[in-house]
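These notes are about the structure you will find just below.
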Amino acid sequence: MRKRGFALALLLAAGAGIWPAAGQNNEQLGQRLFDVMSRNNPEVLPGRRVNHAKGEVFKGTFTASPGAAALSKAPHLQGGTVPMVIRFSDSGGTLTVPDRAEPVHGMAMTFLLPDGSSTDLMCLNMPVFVSATPEDFIAFNEALQASPPGSASPTAIQRHVAAHPETQRFLAMLKPMPESFGTASYFAIHAYRLTNAAGERHDVRWRIVPEAGELARKPEDAAASPPDALFEEMHGRLDRGPVAFRLQVQVAEPGDPTDNATIAWPESRRIVDLGQILVTAAVANPAEAEKPIGFLPGKELPGLEPGNDPFFAARAAVYAVAFRARNP
Ligand code: HEM
């Protein structure tokens with residue numbers, strides 16, 4: 367993509383003006399969520415993210431598959447190729463976390479649309495979330511903070527987990543270190559609603575699946591891996607060519623919950639392939655490049671809207687606070 371085009375792409379992905387006005391309560395919730403995340407890690411550096419701090423931006427493209435338009439009239443699902451901004455990350459607020467030490471990884475992306483607008487997906491390598499509501503997520507983080515090493519058992523976090531089977535499920539699903547960011551699957555977790563040109567609507571969940579297959583490292587290889595192993599591996603992999611993923615949706619059936627991020631739909635639900643994502647290149651000065659970039663999971667587009675999960679509003683609010691905090 368020409369230099370000017372990508373600079374424009376970065377500007378477009380750069381949260382400028384994309385933050386919806388949050389109602390007072392939601393703004394307060396956003397601030398509370400930001401404050402509890404900030405307390406997880408007193409080392410947060412100015413201008414850096416309080417969560418998913420360790421990450422890197424890449425360029426990419428998305429090409430819709432012929433069948434995508436049957437599910438949605440959204441511009442990027444009508445065929446053709448659109449440019450993308452993609453950021454891979456380790457969860458948590460510590461910039462220096464060794465990749466082997468963080469089992470949760472992020473893949474956040476912006477699809478840049480022909481009319482100058484954009485749409486984002488923010489995904490984790492986990493099909494469900496750790497908490498069912500924003501309030502539970504605050505309680506989970508506060509319990510973590512109240513359980514420093516050496517705390518008497520049962521610690522606050524042990525009590526929290528014991529009282530939240532959904533959190534137990536999440537912890538039981540944590541995955542071993544992947545071979546690469548390019549050999550892990552990612553999930554946007556919340557349910558979205560797609561509408562096609564005929565007005566037919568489907569509740570769906572997005573997933574990003576590596577064309578190379580899901581490959582994990584052996585425990586001994588993971589333990590011996592250098593701190594930035596996944597980022598170094600991604601650079602090496604890109605030297606050999608683009609890194610390919612499939613963009614897919616799982617389609618709900620009547621009765622499947624759309625407002626609870628901790629309950630997965632049965633794997634037997636229909637999966638529709640919507641196209642190919644190609645990670646094509648790293649960007650120069652990644653630490654600078656990522657500052658003005660902000661992602662928003664609930665942006666509406668013709669044919670694509672967020673579902674009724676309470677996290678959409680809470681996340682929009684906390685991301686707005688986070689973006690302003692690192693772009694004062
Ligand atoms: C209430 C729950 C949540 C809170 C408080 C929260 C908080 C945050 C914060 C503060 C950031 C840094 C944002 C920035 O500075 O731009 C972040 C990044 C991120 N979050 Fe969340 N998050 C929540 C739920 C989720 C969920 C459910 C997902 C996945 C489906 C998710 C995926 C991500 C990803 C991928 C990033 C990295 C984005 C990037 O690379 O810039 N988060 N989160």
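For the sequence shown, position 198 matches number 564 in the numbering used here, and the numbering has no gaps at all. For each residue, glycine too, the CB sits at the ideal point set by N, CA and C. Since the model is a prediction, treat every value here as computed from it, not as a measurement.
Beta-carbon separation of H556 and F678 under 8 Å? In this structure, F678 lies closer than 8 Å to H556 by Cβ.
Is it a yes or a no for the region 483-494 touching the region 658-666, going by three-plus beta-carbon pairs under 8 Å? The count of Cβ pairs closer than 8 Å, one atom from the region 483-494 and one from the region 658-666, reaches three, so the stretches are in contact.
Can I555 be considered in contact with the ligand HEM, in the sense that its beta carbon sits closer than 7 Å to one or more heavy atoms? I555: yes, Cβ under 7 Å from the ligand HEM.
At least three beta-carbon pairs within less than 8 Å, the region 573-592 to the region 645-655: Two segments are said to touch when three or more pairs of C-beta atoms, one from each, lie closer than 8 Å; by this definition the region 573-592 does not touch the region 645-655.
Going by the C-beta, is Y685 closer than 7 Å to any heavy atom of the ligand HEM? Yes, the ligand HEM has a heavy atom inside 7 Å of this Cβ.
According to the neighbour-count rule (16 or more other Cβ atoms, all chains shown, within 10 Å of its Cβ), is F372 buried or exposed? A caution first: F372 carries a pLDDT of 45, below 50, which makes its placement in the model unreliable, though a value can still be read off. Buried, by the Cβ-count rule.
Would you list the residues sitting across from Y552 in a DSSP beta bridge? Y552 is bridged to I574.
Residue interval of the alpha helix (DSSP H) (run including A648): First-last for A648: I637 to A648, but that is the beta strand (DSSP E), not the alpha helix (DSSP H).
Supposed close pair M492, F553 - CB separation, criterion 8 Å: Between F553 and M492 the Cβ distance is about 6 Å, and since that is below 8 Å, they are a contact.
Under 6 Å Cβ to Cβ from L581, same chain only, skipping five residues before and after it: list those, please. Scanning its chain for C-beta atoms nearer than 6 Å, with the 5 sequence neighbours on each side dropped, one finds around L581 the residues E545 and T549, in chain order.
Boundaries of the beta strand (DSSP E) in which F452 is found, first to last residue: The question names Phe, but residue 452 in the sequence shown is Ile. T447 to D456 is the span of the beta strand (DSSP E), which, as asked, contains I452.
Option nearest T476 by Cα separation, candidates M539, A627 and K425: The candidate whose alpha carbon is nearest that of T476 is K425.
Reducing DSSP to helix, strand and coil, say where H442 ends up. Helix, per DSSP.
Specify the secondary structure class of D622 as computed by DSSP and reduced to three states. Three-state result, D622: coil.
Kindly indicate which three-state DSSP category H568 falls into: helix, strand or coil? The answer is strand: DSSP assigns H568 an E or B state.
Alpha carbon to alpha carbon, how far is N693 from E532? Give it in angstroms, no decimals. Our two residues, E532 and N693, have alpha carbons roughly 35 Å apart in a direct line.
State the Cα-Cα distance for the pair R603 and V609, rounded to the nearest angstrom. In a straight line, the C-alpha of R603 is about 7 Å away from that of V609.
Between the Cα of L667 and the Cα atoms of E468, V416, L540 and D481, which residue gives the shortest distance? Per the Cα distances, D481.
Which whole-angstrom value describes the C-beta separation of R705 and R559, a residue pair presumed to lie in contact below a C-beta threshold of 8 Å? The chain is shown from 367 up to 694; residue 705 falls before or after that span and cannot be answered.
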